[in-house]
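Enquirer: Let me begin by handing over the structure; questions about it come next.
2 protein chains.
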Amino acid sequence: MGKKILIIGGVAAGPKAACRIKRLMADAEVTIVDQDSLISYGGCGIPYYVAGDVSDEKELRSTSFHMLRNEAFFENAKGVKALTSTKALSINRKNKTVLVENIVSGKQTDLPYDTLMLATGSTPIDLPIPGTDAANVFTVNDLHKAIAIKEMIAKGKVDTAVVIGGGAIGIEMAEAFTDLWGVKTSLIEYMDQLLPRIVDKPFARIMEKNLRNSKVDLFLGEGAEEIIVVDGVAVGVRTGKRTIDADLVIIAAGIRPRGELAKEAGLQTSDRGAITVNERMQTSDPNIYAAGDCVEITHLVSGKKFVAPFGSMANREGRVVADNIAGIPSKFKGGIGSFIVKAFEVAVGSVGLSYEMACAEGFDAGYSLSSPADRAHFYPGQAVICLELVFDKKTRRVLGLQGSGPVNDGLSVRLDAAAVAISAGATIDDFGTIEMAYSPPFSPAIDPINAAAYIADNLCDNRMRQIDLEVFNDWMGQPEKNTDWVVVDVRSEREMAPYREKFGDTVWLSLPYDQVRSRYDELPKDKKMIIFCNAGSRSYEVQVLLESVGFPNTEVVPGGFNIISRMGAEWLPVL
Amino acid sequence: MGKKILIIGGVAAGPKAACRIKRLMADAEVTIVDQDSLISYGGCGIPYYVAGDVSDEKELRSTSFHMLRNEAFFENAKGVKALTSTKALSINRKNKTVLVENIVSGKQTDLPYDTLMLATGSTPIDLPIPGTDAANVFTVNDLHKAIAIKEMIAKGKVDTAVVIGGGAIGIEMAEAFTDLWGVKTSLIEYMDQLLPRIVDKPFARIMEKNLRNSKVDLFLGEGAEEIIVVDGVAVGVRTGKRTIDADLVIIAAGIRPRGELAKEAGLQTSDRGAITVNERMQTSDPNIYAAGDCVEITHLVSGKKFVAPFGSMANREGRVVADNIAGIPSKFKGGIGSFIVKAFEVAVGSVGLSYEMACAEGFDAGYSLSSPADRAHFYPGQAVICLELVFDKKTRRVLGLQGSGPVNDGLSVRLDAAAVAISAGATIDDFGTIEMAYSPPFSPAIDPINAAAYIADNLCDNRMRQIDLEVFNDWMGQPEKNTDWVVVDVRSEREMAPYREKFGDTVWLSLPYDQVRSRYDELPKDKKMIIFCNAGSRSYEVQVLLESVGFPNTEVVPGGFNIISRMGAEWLPVL
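In structure tokens form, the structure reads like this:
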């Protein structure tokens, strides 16, 4: 008989490794153990199942050719034994066995292994507040809960829902409730922005405006302090500022890696509980591998360890585990946290480090904001995407790219190309010549990814100076407080008129772009000029021109109206 | 006064460099010279203007903020002088002057320069056949011709059109005529496939089927031998095989770089007439730079020189010229020929080398074909994309990626990420862990780019053996000729039934994927088995399984039904 390969965890990394091992080592005895009765499912699809985009949960655990990935499928099609409803209790590394318990029968068994793989995944973070154990309070981490949530909604039992947590899953669940089901949904986030630590303010604001426009009530900077329970049923959520009715409460406050089994067996784990692995996904015991949400990997920009809880990473890592178990020396070098989320008509994503994270990691970071068209500006259906390129000012290395756009892959195109480049250590200059495949239906002649690098180059070399958008919005909110600056709007007469009318020309000066060269002497020399246009590019040109004729005190509004209007700002004239 | 910068050519690279130079050197005197009266336009947009997607030619020469890029715009907004209708006759490198002639007045002038830039572009290849000078025979290389073509069609003068040349422009023009205007359009290509030397057969076939489905008459492997002219007007095109009526003839037989001016001035040019430049886009005269269609650049895969006639490349190169003229030592390292074309509902694209080109370049090349979903297979609106990863079998370096898919950016995403990786010299193993941003609306958990690499890995290590699709189609066209092979269809009973019925089980055996493990002994040991499924992945699994139980003589149909059906094949049962 072949080697005994035992795999704990049957959702993503585990099944991927199991099937590949069986293909590489036909005579191996491969066994997957999972405490759940349902395995090998697309957990990231749960919001779409709840929303109704995916009508049956079986679709989430079927192959692309519509076979259900159950125990029989793994046995018959893959030659892999799947022991479901079976919990791994402990690892005996000396004897090379794992003690498991069938959670239906209670029967315990020692399963022997030659090589063990841990794919124990992650578990939702418990909120330390009262009421989380009520029947209608859910986390979104397995299919059973997804089925229960959808059943409640489909039966008409849910008029109001509260989602606690403004990360990707919280946002997706809020969309699911609101979009198809018309549930009045509130989203509470403890931090003062959505997607904290993942994207910078501009993109959080864009997603916030998008959710509010779509009738989701957002409460930022508010922690849930209590889930109010009456007769075992949650009826509302209390924050420091208010109480919100809820027939259903979702807790999506993040995940933590499930490393207990590994830790108890004496394997090396991190402070956060993640299993430590090398580039071959091998734990501190060479006979035990690990992959997926339960491990920490190397961040290819910061060099630090991090947990990347994505099904995509789990699959890529799982294949590397399989290779190494079968004697192929594949490596998994790490990741950069590539991320994208869609809600309603807007996508927001990030690869590499945000500006905030880059600063926290000690980089001397800068960022370029831009808002170009996602394809030739004359091509029908073109749309604006907003990008932020984060870079190290000293080395010119690109540290990250974030963006937002419509849900048409126009954002993905730039994020994914950037992911490859950032993982390879590319500089601003490398980004300037990335060779995106060009044709008007797919991109402008100067691709947004190149344009973002051009701006970063100008910033890095101090040819361009910009104002922070939050600062600009604060200023514009109380323009009367400032007497030492003025906005210079270089857009067209038609575009600038409502602004001039609202603010007067002590605050909002108008000078169309193509007239600056002949009329710059009309501008005030004693004030800082904040130059404003639609995308930021005309503003930069005007800044350079003004500098050359003796107006050095200017700042560009980066990304211009296109970004500001998508972020939303109360001071903007209603048009 | 500042330096005199003279730029010959005002379409893409020239204006890009001019404006950037002016921003970097405010006091420079920058002059653009162009023989045309219209400058700075998006030539790649011409097919969309002819089609009516772009209603006015002015949109092609306007900025994204709707300002017309004419002489006044360059003067007022950019501080750049544009001399239109002015032809550069010769360069006097000793005196540093260019002799130009105003083609309206005939007046000649010597323009002095400190630094000269050549952005002389390309010119359509003349066909050496009679009739090309008739009034209704056009190439597609400037706006005047585009306007004339559209005018003819809009006036109802065109019932039939013949396009000579099956490259991107020919395909786009065929779409333009057929889609909106309902002109009966024929496309003639001398080679036996569309997009010759750019994509391999499968993707050419997919585009061919797409055009035929959309009512374009295709004649491949036929050269145009004569344009039949009556009273100065073309009325048809004669090939070796037929004569096709035409009220309008388009010649889109490729371009050649315009290097004459450079060559006559003694600058180094290639055999093909392209201007030789170094990484700083400097010609053999250090005071003269060149960029755009008129230069040859280094191919980052083959290491050879090539011409990359894309507006996108011209812009990227133009910026590098500007930097170097202003003393910033930017480099343009080369390109890989990134390419994408859209016609009707199908996109086809390529980055790096095709398999055919890789073999011609002397690589020991292999290719993986795949046809996965472009996003999570359970997500609404997911579609199949077809990909071919070309690799070097010895070094495992990825040499190219080609693909086809719907016009939704799902193909671009993979091509552009691959372009970055290929330019950086990535291997199959690097491709296996490319970290595309994942979420079900944007990609499957195993992204197509990773999956393509997995297959390449299996091919490279001889775990997978495949049949060439053209060979397979030939076989299936005459199954009675072959007695030593049989197809084994591992799809579902419903899918395989019409095939078994058409071919009988001496040619088409059925054995559903999940039954192979228990029923393989029913298979013939004396025949080669061609394993068939929808995407190729089940076939590969079955191949591995059969090998392990004593059936080594199998080949997978790579990409399976998904690719074959998109290519079109007469032997396929009509369903």
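Just so you know, the sequences run in chain order A and B. The first sequence maps to residues 1057 to 1631 in the numbering used here. The second sequence maps to residues 1057 to 1631 in the numbering used here. Note that CB positions come from ideal geometry on N, CA and C, so glycine has one too. Model, not experiment: these values are computed from the prediction.
1. For Asp-1530(A), name the three-state secondary structure that DSSP assigns.
2. Using a C-beta to C-beta distance shorter than 8 Å, which residues of chain A count as neighbours of Cys-1100(B)?
3. Identify which residue in Ala-1191(B), Asn-1266(B), Ala-1429(B), Ser-1111(B) has its Cα closest to the Cα of Asp-1287(B).
4. Do Ile-1284(A) and Gly-1296(A) have their C-beta atoms within less than 8 Å of each other?
5. Below 8 Å, how does it come out for the stretch 1330 to 1346 of chain B and the stretch 1392 to 1401 of chain B: are there three or more Cβ pairs, yes or no?
6. From the DSSP output, in three-state form, read off Thr-1176(B) for me.
7. Is the stretch 1483 to 1490 of chain A in contact with the stretch 1506 to 1518 of chain A, if contact means three or more CB pairs nearer than 8 Å?
8. If the cut-off is 7 Å on Cβ atoms, which residues from the stretch 1157 to 1189 of chain B count as contacting chain A, listed in chain order?
9. Of the choices Ile-1384(B), Asp-1349(B), Gly-1383(B), whose alpha-carbon is the least far from that of Cys-1100(B)?
10. How big is the Cα-Cα spacing for Ile-1484(A) and Val-1446(A)?
11. Do you know offhand how far Ile-1384(A)'s Cα is from Leu-1080(A)'s?
12. For the alpha helix (DSSP H) containing Gly-1292(A), list its first residue and its last residue.
13. Is Met-1123(A) close to chain B, meaning its C-beta is less than 8 Å from at least one C-beta of that chain?
14. Rounded to a whole number of angstroms, what is the C-alpha to C-alpha distance between Leu-1565(B) and Arg-1268(A)?
15. Looking at chain B, is there any beta carbon in it that lies within less than 8 Å of the beta carbon of Leu-1445(A)?
16. For the stretch 1064 to 1120 of chain A, list the alpha helix (DSSP H) runs that are entirely contained and at least 4 residues long, ordered along the chain.
17. Counting only Cβ pairs nearer than 7 Å, list the residues of chain A close to Pro-1436(B).
18. Are the CB atoms of Ile-1185(B) and Glu-1245(B) within a distance shorter than 8 Å?
19. Considering Cα atoms alone, identify which of Thr-1299(B), Pro-1608(B), Leu-1251(B), Val-1357(B) is closest to Tyr-1576(B).
20. Please tell me whether Ala-1640(A) and Val-1136(A) are closer than 8 Å, where the distance is taken between their beta carbons.
21. According to DSSP, is Gln-1438(A) part of a helix, a strand, or is it coil?
22. May I ask which residues mark the beginning and end of the alpha helix (DSSP H) holding Gln-1599(B)?
23. Cβ of Ala-1493(B) within 8 Å of Cβ of Gly-1177(A)?
24. Which word fits Asn-1041(A), buried or exposed, when buried means at least 16 other C-beta atoms lie within 10 angstroms of its C-beta?
25. Distance, Cα to Cα, Ala-1421(A) vs Ala-1414(A)?
26. Could you name the residues of chain A that Thr-1087(B) contacts, counting a contact when the two beta carbons are closer than 9 Å?
27. Hey, quick one: how far does the beta strand (DSSP E) through Ala-1217(A) stretch, first residue to last?
28. Could I get the ranges of all uninterrupted beta strand (DSSP E) runs contained in the stretch 1215 to 1292 of chain B, with 3 residues as the minimum, in chain order?
29. In whole angstroms, give me the CA-to-CA distance for Arg-1314(A) and Glu-1611(B).
30. Put Arg-1314(B) into one of helix, strand or coil per three-state DSSP.
31. Short of 9 Å Cβ to Cβ, which residues in the stretch 1400 to 1412 of chain B face chain A?
32. Is the beta carbon of Ile-1227(B) sitting closer than 8 Å to the one on Met-1263(B)?
33. Nearest to Ile-1254(A) by alpha carbon, out of Phe-1130(A), Ala-1217(A), Glu-1412(A)?
34. Tell whether a beta-carbon distance below 8 Å holds between Arg-1622(A) and Ala-1378(A).
35. Please name the residue in Trp-1237(B), Tyr-1435(B), Ile-1147(B) whose C-alpha comes closest to that of Gly-1212(B).
36. Give me the subset of the stretch 1331 to 1358 of chain A whose CB atoms are less than 9 Å from a CB atom of chain B, sorted by chain position.
Expert: This is what the structure gives:
1. On the first sequence, position 474 is the one that residue 1530(A) refers to. Helix, per DSSP.
2. Taking the first residue of the second sequence as 1, we reach residue 1100(B) at position 44. Neighbours of Cys-1100(B) on chain A, chain order: Ala-1432, Tyr-1494, Ser-1495, Pro-1496, Ala-1501.
3. Translated into the one-based positions of the second sequence, residue 1287(B) becomes position 231. Among Ala-1191(B), Asn-1266(B), Ala-1429(B), Ser-1111(B), the Cα nearest to that of Asp-1287(B) belongs to Ala-1191(B).
4. Locating residue 1284(A) in the first sequence gives position 228, where the first residue counts as 1. Locating residue 1296(A) in the first sequence gives position 240, where the first residue counts as 1. Going by C-beta atoms, Ile-1284(A) is not nearer than 8 Å to Gly-1296(A).
5. Contact between the stretch 1330 to 1346 of chain B and the stretch 1392 to 1401 of chain B is absent, because fewer than three Cβ pairs lie under 8 Å.
6. Start at 1 with the first residue of the second sequence, and residue 1176(B) comes out as number 120. Thr-1176(B) sits in coil when the DSSP states are folded into three classes, being neither helix nor strand.
7. Flag = yes, the stretch 1483 to 1490 of chain A and the stretch 1506 to 1518 of chain A touch.
8. If the cut-off is 7 Å between Cβ atoms, the stretch 1157 to 1189 of chain B has nothing near chain A.
9. As a position in the second sequence, residue 1100(B) is number 44, starting the count at 1. It is Asp-1349(B) whose Cα lies nearest to the Cα of Cys-1100(B).
10. Counting from 1 along the first sequence, the entry for residue 1484(A) is found at position 428. Counting from 1 along the first sequence, the entry for residue 1446(A) is found at position 390. Rounded to whole angstroms, Ile-1484(A) to Val-1446(A) spans 9 Å at the Cα level.
11. Position 328 of the first sequence, counted from the first residue, corresponds to residue 1384(A). Position 24 of the first sequence, counted from the first residue, corresponds to residue 1080(A). One C-alpha to the other measures close to 9 Å.
12. Against the first sequence, residue 1292(A) aligns to sequence position 236. Per DSSP, Gly-1292(A) belongs to no alpha helix (DSSP H); it is in the beta strand (DSSP E), 1289 to 1295.
13. Counting from one through the first sequence, the residue named residue 1123(A) turns up at place 67. With a threshold of 8 Å between beta carbons, Met-1123(A) makes contact with chain B.
14. Taking the first residue of the second sequence as 1, we reach residue 1565(B) at position 509. Taking the first residue of the first sequence as 1, we reach residue 1268(A) at position 212. Here the alpha carbon of Leu-1565(B) sits roughly 57 Å from the alpha carbon of Arg-1268(A).
15. Locating residue 1445(A) in the first sequence gives position 389, where the first residue counts as 1. Not closer than 8 Å to any Cβ of chain B, the Cβ of Leu-1445(A) fails to qualify, so no.
16. Fully enclosed alpha helix (DSSP H) runs of 4 or longer: 1069 to 1080, 1102 to 1107.
17. Here residue 1436(B) refers to the residue found at position 380 when the second sequence is read from its first residue. At a C-beta separation below 7 Å, Pro-1436(B) has these neighbours in chain A: Asp-1109.
18. As a first step, residue 1245(B) must be located in the second sequence, where it is residue number 189. As a first step, residue 1185(B) must be located in the second sequence, where it is residue number 129. In this structure, Glu-1245(B) lies away from Ile-1185(B), with their beta-carbon atoms at least 8 Å apart.
19. Here residue 1576(B) refers to the residue found at position 520 of the second sequence. Comparing alpha-carbon positions, the option among Thr-1299(B), Pro-1608(B), Leu-1251(B), Val-1357(B) lying closest to Tyr-1576(B) turns out to be Pro-1608(B).
20. There is no way to answer for residue 1640(A), as the model of chain A reaches only from 1057 to 1631.
21. Residue mapping note: residue 1438(A) aligns to position 382 of the first sequence, counting from 1. Reduced to three states, the DSSP call for Gln-1438(A) is coil.
22. The residue given as residue 1599(B) occupies position 543 in the second sequence. For Gln-1599(B), the uninterrupted alpha helix (DSSP H) segment begins and ends at 1593 to 1604.
23. For this step, residue 1493(B) is matched to residue 437 along the second sequence. For this step, residue 1177(A) is matched to residue 121 along the first sequence. Gly-1177(A) sits away from Ala-1493(B), with the two beta carbons spaced by 8 Å or more.
24. Only positions 1057 to 1631 of chain A appear in the structure, and residue 1041(A) is not among them; the question remains open.
25. Within the first sequence, residue 1421(A) is the residue found at index 365, counting from 1. Within the first sequence, residue 1414(A) is the residue found at index 358, counting from 1. Their backbone Cα atoms lie some 6 Å apart in a straight line.
26. Within the second sequence, the letter at position 31 stands for residue 1087(B). Here the premise fails: no neighbours, minimum Cβ distance about 16 Å.
27. The sequence position of residue 1217(A) within the first sequence is 161, counting from 1. It spans 1216 to 1220 - the beta strand (DSSP E) in which Ala-1217(A) sits, taken as one unbroken run.
28. 1216 to 1220, 1240 to 1245, 1273 to 1276, 1280 to 1286, all fully within the stretch 1215 to 1292 of chain B.
29. Sequence index remark: in the first sequence, residue 1314(A) carries index 258 (1-based). Sequence index remark: in the second sequence, residue 1611(B) carries index 555 (1-based). Going from the Cα of Arg-1314(A) to the Cα of Glu-1611(B) covers about 42 Å.
30. Against the second sequence, residue 1314(B) aligns to sequence position 258. Of the three classes helix, strand and coil, the one that applies to Arg-1314(B) here is coil, per DSSP.
31. So the list reads Ala-1403, Gly-1405, Ser-1406, Val-1407, given in the order they occur along the chain.
32. As a first step, residue 1227(B) must be located in the second sequence, where it is residue number 171. As a first step, residue 1263(B) must be located in the second sequence, where it is residue number 207. A contact, by the Cβ cut-off of 8 Å.
33. As a first step, residue 1254(A) must be located in the first sequence, where it is residue number 198. Nearest in C-alpha terms to Ile-1254(A), of all of Phe-1130(A), Ala-1217(A), Glu-1412(A), is Glu-1412(A).
34. The residue given as residue 1622(A) occupies position 566 in the first sequence. The residue given as residue 1378(A) occupies position 322 in the first sequence. Cβ distance not < 8 Å, so Arg-1622(A) and Ala-1378(A) don't count as in contact.
35. Taking the first residue of the second sequence as 1, we reach residue 1212(B) at position 156. If we check each option's Cα against that of Gly-1212(B), Trp-1237(B) comes out closest.
36. Answer in chain order: Leu-1356.
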